[in-house]
Amino acid sequence: MYTFSNKLRIGSFIAMGLGVIFLAIGFLSAPSTVEEAKAMVAAHDDGHGGGHAEAAETHGEEQGHGTEAAHGEEHDASHDTHLLHQLQNRPWSALYVAAFFFFMIALGVLAFYAVQRAAQAGWSPLLFRVMEGITAYLVPGGIIVFVILLLSTLHMNHMFVWMDAETVAHDELLQGKAGYLNPTFFLIRAAIFLGGWIFYRQYSRKLSLAQDESDDNSNFVKNFRWSAAFLVFYLISESMMSWDWIMSLDPHWFSTLFGWYVFASMFVSGITVIAMVTVYLKSKGYLEQVNDSHVHDLAKFMFGISIFWTYLWFSQFMLIWYADIPEEVTYYIARFQDYKLPFFGMLVMNFVFPLLVLMNSDYKRVNWFVIMTGIVVLLGHYLDIFNMVMPATVGDQWYIGLPEIGGILFFGGLFVFWVFTALTKAPLQPKRNPFIEESRHFHY
Amino acid sequence: MASKVIQALYNDDDVLMHAVKKVRAEHHHIEEVYTPFPVHGLDKAMGLADTRIAITSFLYGCLGLTVAIVMMNYIMIEDWPQDIGGKPSFSYLENMPAFVPIMFELTVFFAAHLMVITFYLRSRMWPFKKAENPDKRTTDDHFLMELGVHDNENELADLLWETGAVEVKVTEKES
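One line per chain: the protein sequences are A and B, in this order. Numbering follows the working numbering, in which position 301 of the first sequence is assigned residue number 301; successive positions increment by one, without gaps. Numbering follows the working numbering, in which position 118 of the second sequence is assigned residue number 1118; successive positions increment by one, without gaps.
Below is the structure:
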């Protein structure tokens, strides 16, 4: 049985506390009137020249204000409100990106776990308890994301422009999509997705624990069937979730492989966290049976899925770049103009770095090496979510400051606290998994 | 020069693996093992050095990537610039995304093909080469272990019989 080390517990509480303070500062310093917003930007612009005006135009169009812009004198006023909304969105977006990122890790691990179960993999059963521990975060993480979405539908923020009835009234495209993109159906879908994922997680965990105590393999077989069924549900619901929760931030824009793209991001982040938690537990003397070959296999997945992520990133980018259709390229123009550093920095962190560092077979077996690579990959995929959300919600008013760091600290702390608490609840090594012998002797 | 070798045949890969470990434990040098299929872990049991083919593969990949970059720059930018889809080919960097699939394909192509050729050459296998295989049965269902004999024929034969060989013979080998 694992005992939660005090140092780690206190660390997670400190992170959560700091996170709450930083987020609170972020929320309190957001402007509440148009004048305040203009003053903030004016002070900021002194140092940056006139870059803002040009960029604001792009965003006006992107966010469905394009039709209003044609009205001449209303133009300036609508830009000012738009700016106010962007600045008000910033703490919300910081909160949302971090909440989604850590939730996504748990969901990615759940998918990986279901794949191992459905494939009846022989190498991984020793790591099942680690994966179950991480997926425990699905419950609080999912509820927090749902609450943020619920508050968005209640107009606490302006992240999702299509939730604003006034905007929809002036926008033909959004009226056409209203049958799907409306607050009620949006929340119903979110509840179904989260309900399905959380149900599978809890039920599979129950069967996994029951298997240890039983004297036949019926629980194992049941788990196998549920996992296969879950994967079907997951692949559809995950794709729709990514349209709803992320792609609809830019309601005029769409990409047909967006679901896969988000999936690749959550899968590689999830596998990275499995590897990091495994190496951490091993370094503390737990998981004695896990050997370097298990870590090697996880690192191979990190390497492979990083390249898969890049493949999808590039496929999405190249088709839009080549076709050059105005409705589509605005998405990338906003990122190229205002998000150069995070956008290209993420490519280096998520592709070039793992490609070069994890290519050598021997390095994948060096535990501290896997941890170091994992940290970079996780930061890179945080940036990936940042790049998906921020251009639509805050436009060129982005900055990685207190609210963003606060979001990472708070949800990171909560994640660590919840996951390691869940790990103490059951023995770290499954007793009666039929493949446990194979997993113990796993040797590549 | 002809050298004297002793050859032991086995009909099971598990028996072979144990035999290899035992012979190595007695500090005899195994010249070669012939098997009808790859036996997992045999290279480690025989104490063979790790293959360096991955390094050549990486270098060939880099070569392929370079060839693709230089080739596309020559074809599409320098030699005959075209305007495809409203994207005139005046600058390599601005047209680069269109060349990425080619870079990827040529990297894989060079790495894969040159690695296979390297593997064949390193294994001394080229067209019209006479097979080195000492016994036809190793292409069917037998495994053959070959050791050099240095005036210890009887001692080796006894050891090999002990490890479960189904046949042991001493022959002259051209090398």
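Note that CB positions come from ideal geometry on N, CA and C, so glycine has one too.
Practice prompt. Give the DSSP-derived three-state secondary structure of B/Glu1146 in the structure shown.
Written response: Stepping through the second sequence from its first residue, residue 1146 of chain B is reached at position 146. In the structure shown, B/Glu1146 sits in a strand (DSSP, three-state: E or B).
Discussion item. If contacts are defined as beta-carbon pairs under 8 Å, then A/Ile274 and A/Val389 qualify, I think. What distance do you get, rounded to the angstrom?
Written reply: As a first step, residue 274 of chain A must be located in the first sequence, where it is residue number 274. As a first step, residue 389 of chain A must be located in the first sequence, where it is residue number 389. Actually they are not in contact, since the Cβ atoms of A/Ile274 and A/Val389 sit about 25 Å apart, beyond 8 Å.
Worksheet item: Are there three or more Cβ pairs, one per stretch, closer than 8 Å when the stretch 277-297 of chain A is compared with the stretch 395-414 of chain A?
Response: no
Discussion item. I'd like to know whether the C-beta of A/Trp123 is nearer than 8 Å to at least one C-beta of chain D.
Written reply: In the structure shown, chain D does not exist; the protein chains are A and B.
Item to complete: Compare the C-beta of B/Pro1088 against all C-beta atoms of chain A and say whether one is closer than 8 Å.
Response: Here the question's residue 1088 of chain B lines up with position 88 in the second sequence. So no, B/Pro1088 is outside the interface.
Worksheet item: Applying the criterion that 16 or more other CB atoms from any shown protein chain within 10 Å of the CB defines a buried residue, is A/Arg201 buried or exposed?
Response: Taking the first sequence and counting its residues from 1, the one referred to as residue 201 of chain A is at position 201. The residue in question, A/Arg201, is buried, as its Cβ has 16 or more Cβ neighbours within 10 Å.
Worksheet item: Can you tell which of A/Val394, A/Ser269, A/Tyr180 has the C-alpha that lies nearest to the C-alpha of A/Gly457?
Response: Residue 457 of chain A lies beyond the range of chain A shown here (1 to 444); nothing can be said about it.
Worksheet item: Would DSSP call B/Tyr1120 helix, strand or coil?
Response: In the second sequence, the residue the question calls residue 1120 of chain B occupies position 120. Here B/Tyr1120 sits in helix by DSSP.
Practice prompt. Only counting runs of 3 or more residues, tell me where the beta strand (DSSP E) segments fall wholly within the stretch 256-298 of chain A, in order along the chain.
Written response: none
Discussion item. Please report the distance separating the alpha-carbon of A/Asn217 from that of A/Pro434.
Written reply: If you number the first sequence from 1, residue 217 of chain A lands on position 217. If you number the first sequence from 1, residue 434 of chain A lands on position 434. Going from the Cα of A/Asn217 to the Cα of A/Pro434 covers about 7 Å.
Practice prompt. Can you tell me which of the three DSSP states B/Gln1007 falls into?
Written response: In the second sequence, counting from the first residue as 1, residue 1007 of chain B sits at position 7. Note: B/Gln1007 maps to strand in three-state DSSP.
Worksheet item: Rounded to whole angstroms, how far is the Cβ of A/Leu378 from the Cβ of A/Met302, which I believe are closer than 8 Å?
Response: Translated into the one-based positions of the first sequence, residue 378 of chain A becomes position 378. Translated into the one-based positions of the first sequence, residue 302 of chain A becomes position 302. The pair is not a contact, with the Cβ atoms about 10 Å apart (cut-off 8 Å).
Practice prompt. Could you tell me which chain A residues have their CB closer than 9 Å to the CB of B/Gly1064, listed as they occur along the chain?
Written response: Residue mapping note: residue 1064 of chain B aligns to position 64 of the second sequence, counting from 1. Those do not exist, as B/Gly1064 stays about 15 Å from chain A at its closest Cβ, beyond 9 Å.
Worksheet item: With distances taken between CB atoms, is the gap from A/Gly196 to A/Ser237 smaller than 8 Å?
Response: As a working note, residue 196 of chain A is residue 196 in the first sequence. As a working note, residue 237 of chain A is residue 237 in the first sequence. Contact flag set, yes.
Fill in: C-alpha gap between A/Val147 and A/Phe128, whole angstroms
Here residue 147 of chain A corresponds to residue number 147 of the first sequence, with the count starting at 1. Here residue 128 of chain A corresponds to residue number 128 of the first sequence, with the count starting at 1. Rounded to whole angstroms, A/Val147 to A/Phe128 spans 30 Å at the Cα level.
Fill in: Identity of the residues DSSP links to B/Asp1083 by a beta bridge
Counting from one through the second sequence, the residue named residue 1083 of chain B turns up at place 83. Partner(s): B/Pro1088.
Discussion item. Quick check on the burial criterion: 16 or more other C-beta atoms within 10 angstroms. Buried or exposed for A/His443?
Written reply: Position 443 of the first sequence holds residue 443 of chain A. When all chains shown are included, A/His443 counts as exposed.
Practice prompt. Please compile the residues from chain B whose C-beta is within a distance smaller than 9 Å of the C-beta of A/Met318.
Written response: The residue labelled residue 318 of chain A in the question sits at position 318 within the first sequence. The contacting residues are Pro1097, Ala1098, Val1100, Pro1101.
Worksheet item: From the beta carbon of A/Tyr261, is the nearest beta carbon of chain B less than 8 Å away?
Response: Along the first sequence, one-based indexing puts residue 261 of chain A at 261. Judged by the 8 Å Cβ criterion, A/Tyr261 is not in contact with chain B.
Worksheet item: Hey, would you say B/Phe1143 sits closer than 8 Å to B/Thr1035, going by beta carbons?
Response: As a working mapping, residue 1143 of chain B is identified with position 143 in the second sequence. As a working mapping, residue 1035 of chain B is identified with position 35 in the second sequence. Closer than 8 Å, so yes.
Discussion item. Using DSSP's beta-bridge definition, name the partner residues of B/Tyr1034.
Written reply: Position 34 of the second sequence, counting from 1, holds the residue named residue 1034 of chain B. DSSP output for B/Tyr1034 lists B/Leu1144 as bridge partner(s).
Fill in: Those residues which DSSP pairs with B/Lys1169 across a bridge
Taking the second sequence and counting its residues from 1, the one referred to as residue 1169 of chain B is at position 169. DSSP, once it has assigned bridges, lists B/Gln1007 as partnering B/Lys1169.
Discussion item. Just to make sure I have the definition right: I need the residues of chain A whose C-beta is within less than 9 Å of the C-beta of B/Ala1054. Which are they?
Written reply: As a position in the second sequence, residue 1054 of chain B is number 54, starting the count at 1. Chain A residues near B/Ala1054: Met359, Asn360, Ser361.
Discussion item. Quick check: what's the CA-CA separation for A/Val232 versus A/Leu28?
Written reply: Position 232 of the first sequence, counted from the start, is the residue given in the question as residue 232 of chain A. Position 28 of the first sequence, counted from the start, is the residue given in the question as residue 28 of chain A. Rounded to the nearest angstrom, the two C-alpha atoms are 43 Å apart.
Worksheet item: So A/Thr393 packs on A/Asn89, CB below 8 Å; how close in whole Å?
Response: As a first step, residue 393 of chain A must be located in the first sequence, where it is residue number 393. As a first step, residue 89 of chain A must be located in the first sequence, where it is residue number 89. Indeed, because the Cβ distance is near 4 Å, the residues count as touching under 8 Å.
Fill in: 7 Å CB neighbourhood of A/Leu87 in its chain, flanking five on each side removed
By 1-based counting over the first sequence, the position of residue 87 of chain A is 87. For A/Leu87, where only same-chain residues beyond five positions count, the Cβ hits under 7 Å are Ala30, Pro31, Ala37, Met40, Gln397.
Worksheet entry | Three-way DSSP call (helix, strand, coil) for B/Glu1132 in this model | Position 132 of the second sequence, counting from 1, holds the residue named residue 1132 of chain B. Three-state result, B/Glu1132: coil.
Worksheet entry | Inter-stretch contact (C-beta, 8 Å, three-pair minimum) for the stretch 244-264 of chain A and the stretch 276-295 of chain A | no
Practice prompt. Classify B/Glu1026 as helix, strand or coil using the three-state DSSP reduction.
Written response: As a working note, residue 1026 of chain B is residue 26 in the second sequence. Residue state, collapsed to three classes: coil.
Worksheet item: Can you name the residues of chain B whose CB is closer than 7 Å to the CB of A/Asp297?
Response: On the first sequence, residue 297 of chain A is found 297 positions in, with the first residue counted as 1. Ordered by position in chain B, no residue passes the 7 Å Cβ test against A/Asp297, which lies about 16 Å from the chain.
Item to complete: Measure the alpha-carbon distance for A/Ala70 versus B/Met1076 and round it to whole angstroms.
Response: Position 70 of the first sequence, counted from the start, is the residue given in the question as residue 70 of chain A. Position 76 of the second sequence, counted from the start, is the residue given in the question as residue 1076 of chain B. Any answer about A/Ala70 is weak, because its pLDDT of 45 lies below 50 and its placement is not dependable; what the coordinates show is given next. For A/Ala70 and B/Met1076, the distance between alpha carbons rounds to 41 Å.
Worksheet item: Applying the criterion that 16 or more other CB atoms from any shown protein chain within 10 Å of the CB defines a buried residue, is B/His1113 buried or exposed?
Response: Within the second sequence, numbered from 1, the residue matching residue 1113 of chain B stands at position 113. Exposed: under 16 other Cβ atoms inside 10 Å.
Worksheet item: At a CB-CB cut-off below 9 Å, which residues of chain B make contact with A/Asp324?
Response: Here residue 324 of chain A refers to the residue found at position 324 when the first sequence is read from its first residue. Going along chain B in sequence order, the residues near A/Asp324 (Cβ under 9 Å) are Gly1085, Gly1086, Lys1087.
Discussion item. Taking the alpha helix (DSSP H) that B/Gly1047 belongs to, which residues open and close that run?
Written reply: If you number the second sequence from 1, residue 1047 of chain B lands on position 47. Counting along the chain, B/Gly1047 falls outside any alpha helix (DSSP H), and DSSP gives it neither H nor E.
Fill in: Contacts around A/His158, its chain only, beta-carbon distance under 6 Å, and the 5 residues preceding and following it disregarded
The residue labelled residue 158 of chain A in the question sits at position 158 within the first sequence. Answer for A/His158: His85, Asn89, listed in chain order.
Fill in: Bounding residues of the alpha helix (DSSP H) (the contiguous stretch that carries A/His170)
To locate residue 170 of chain A, count along the first sequence from 1; it is residue 170. From DSSP, A/His170 is part of no alpha helix (DSSP H); its letter is neither H nor E.
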